[in-house]
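Quick note on numbering that gives the first Met the number 0: the sequence shown kicks off at 0 and runs consecutively.
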Amino acid sequence: MPAPQQPARPASETSLHELATGSGVKVAVIDTGVAPHAELPGLLPIADLVARETPDPLLDCDGHGTIVAGVIAGQTLGVAPGAQILSVRQTSAHVAVENADTPEGRSGGTLASLAEAVHLALDQGAQVINISVVACVDPDTAIRLNSGVLDDALARAEAQQTVVVAAAGNISPECQPGSVVYPSHSPTVLSVGGRENTHTIAEYSLPEPEGRPAVSAPASVPVALSPDANGWVSGVQPETGEAREFHGTSFAAPVVSGTAALLRQRHPDYSAAEIRAQILASAEPSGGAVDPLTALTYVPPADVEITPRHLAFASPPPAGQEIRARLASLLACLSLVAVAGLAVAGVGRPVRTSSFPTGRRAPGSGSRALPGPRSPR
0 MPAPQQPARP
10 ASETSLHELA
20 TGSGVKVAVI
30 DTGVAPHAEL
40 PGLLPIADLV
50 ARETPDPLLD
60 CDGHGTIVAG
70 VIAGQTLGVA
80 PGAQILSVRQ
90 TSAHVAVENA
100 DTPEGRSGGT
110 LASLAEAVHL
120 ALDQGAQVIN
130 ISVVACVDPD
140 TAIRLNSGVL
150 DDALARAEAQ
160 QTVVVAAAGN
170 ISPECQPGSV
180 VYPSHSPTVL
190 SVGGRENTHT
200 IAEYSLPEPE
210 GRPAVSAPAS
220 VPVALSPDAN
230 GWVSGVQPET
240 GEAREFHGTS
250 FAAPVVSGTA
260 ALLRQRHPDY
270 SAAEIRAQIL
280 ASAEPSGGAV
290 DPLTALTYVP
300 PADVEITPRH
310 LAFASPPPAG
320 QEIRARLASL
330 LACLSLVAVA
340 GLAVAGVGRP
350 VRTSSFPTGR
360 RAPGSGSRAL
370 PGPRSPR
């Protein structure tokens, strides 16, 4: 749904950006692609792991990655408008893989392609990596799932002092409390829950496992970057039903990624663990609400020690199968504003995602729900 006009930058953001803008910091967005937009002047295409034969990292048929990038580095409303966005297109609900065993085809990525995306981002010097499209599996499945390639990629990110931030996931029939979420399963990934407001965690936000510090951020985007023009969109307007603004833990994660970019600019000598520790220590004690300005200006009390609790959150994978012609995804782009459900699939078996709250409809020509996302075999 088009926004009536370009929004104005809040005064609080102006004071924040007098301290840091994220200038000189590279933030990789591993998502559905990031479309070119006047609000993202430094946008750099890195790779397209969805349409390998006709790659276009700046194609975003789903709209999801463009909105995420705008939250991080949009010139008007971004947390870190000086940061440079690196686009790695790793998944899409609207590009089917050939030889699928269902009529609608299979969409989404794999843990192997997610690992590949992390490596590609690191190759290009990414200092922060945002992953808002996550995979959610039950604990029994997680035990059998080989996540070694992803774990290796995340270990490399930690060794390169790159901060990795991921959505905590949204509760859905396929993603219940107690599920294992990738890549948030890693102790070196900042997993971000969603907030409805300053005091309330969104009811759909998947809780962190017991004993793990919680981090959360605003999960609603009242006005977002349009993926098919240089304009703005304010939500989804199905043919029937009232308009809904964009919300989900997908959009909470980039608030924290933008905060990490600000801290990286201000403290270039910090390790990834130290940036995580600063974010965790400055977060609101109940629910872990992250405020970029508070994180940037936080000074630990003299009698408070940064503990291990904080610091702990301290050959390429095989290519995917053939992807159908890029034309199909281009046609899908004409009518889509945002994706309602995406998947990052586990190696060798489907894994459901929880990027958006359950029950949301896909925008476009009608209010149909998107086909259930599954992985290529």
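Ideal placement from N, C-alpha and C gives every residue a C-beta, glycine not left out.
It is roughly 23 angstroms from the alpha-carbon of Thr75 to the alpha-carbon of Pro56.
In this structure, Val163 sits away from Ala154, with a CB-CB distance that is not shorter than 7 angstroms. Rounded to the nearest whole angstrom, the C-alpha separation of Ala223 and Gln175 is 28 angstroms. Comparing C-alpha distances from Pro138 to each of His184, Ser131, Gln159 shows the shortest one belongs to His184.
According to DSSP, residue pairing for Val162 in a beta bridge involves Val127. For Thr197, the number of other beta carbons within 10 angstroms of its own is below 16, and it is reported as exposed. Our two residues, Ile142 and Asn229, have alpha carbons roughly 45 angstroms apart in a direct line.
The C-alpha of Gln159 lies about 12 angstroms from the C-alpha of Thr187.
In this structure Asn145 is exposed. Its beta-carbon is surrounded by fewer than 16 other beta-carbon atoms within 10 angstroms.
If you check the CB distance, Val255 and Val220 do not come in under 7 angstroms. Less than 7 angstroms separates the beta-carbon of Ala166 from that of Thr248. The closest CA to that of His63, considering only His36, Gln126, Glu207, Thr31, is found on Thr31. One alpha carbon belongs to Pro44, the other to His118, and they sit about 15 angstroms apart.
For Pro217, the enclosing beta strand (DSSP E) stretches over residues 214-217.
Under the three-state reduction of DSSP, Pro253 is assigned to helix. When DSSP states are grouped into helix, strand and coil, His198 belongs to the coil group.
Taking all protein chains in view, the Cβ of Ala111 is crowded by 16 or more other Cβ atoms within 10 Å, so the residue is classified as buried.
Closest in C-alpha terms to Glu17, from the list Gly168, Pro226, Pro291, Ser233, comes Pro291.
Between Ala50 and the set Val127, Val214, Ile71, Gln89, the nearest pair of CA atoms involves Gln89. Glu209 is classed as exposed because its beta carbon has fewer than 16 other beta carbons within 10 Å across all chains shown.
The distance from the Cβ of Pro54 to that of Asp61 is about 16 angstroms, inconsistent with a contact at the 8 angstroms cut-off.
Annotation for Ile278: the continuous alpha helix (DSSP H) segment containing it runs 271-281.
Counting along the chain, Asp30 sits inside the beta strand (DSSP E) bounded by residues 25-30. The beta carbon of Ala19 sits closer than 7 angstroms to the beta carbons of Leu261, Gln264, Arg265, Leu295 from its chain, once the five residues preceding and following it are set aside; these are given in chain order. With respect to Gly21, Ala82 sits close: the two C-beta atoms are nearer than 7 angstroms.
Under the DSSP assignment, Ala46 falls in the beta strand (DSSP E) whose first and last residues are 43-47. Taking 8 angstroms as the upper bound for CB-CB distance, Arg194 and Ala216 are in contact here, some 6 angstroms apart. Within the same chain, Cβ atoms closer than 6 angstroms to the Cβ of Val67 are found at Val28, Asp30, Ser131, Pro253, the five residues on either side in sequence being excluded. When the five nearest sequence neighbours on each side are left out, the beta carbons in the same chain lying within less than 8 angstroms of the beta carbon of Gly41 are those of Ala72, Ala82, Gln83, Ile84, in order along the chain. Where Ser112 is concerned, the enclosing alpha helix (DSSP H) starts and stops at 110-122. Annotated as proximal: Val179 and Val136, with beta-carbon spacing under 7 angstroms. Shown here, Gln264 sits in a helix according to DSSP, grouped into three states. Annotated three-state conformation of Ala152 is helix, per DSSP. Apart from sequence neighbours up to five positions away, the residues of its chain that approach Gln277 with a beta-carbon distance below 7 angstroms are Leu262, Ala294, Tyr297, ordered along the chain. Residues Gln83, Leu85, Gly124, Ala125, Gln126 of the same chain have their beta carbon placed closer than 6 angstroms to that of Lys25, with the five preceding and five following residues left out of the count. Taking the Cα positions, Gly234 is about 34 angstroms away from Ala271.
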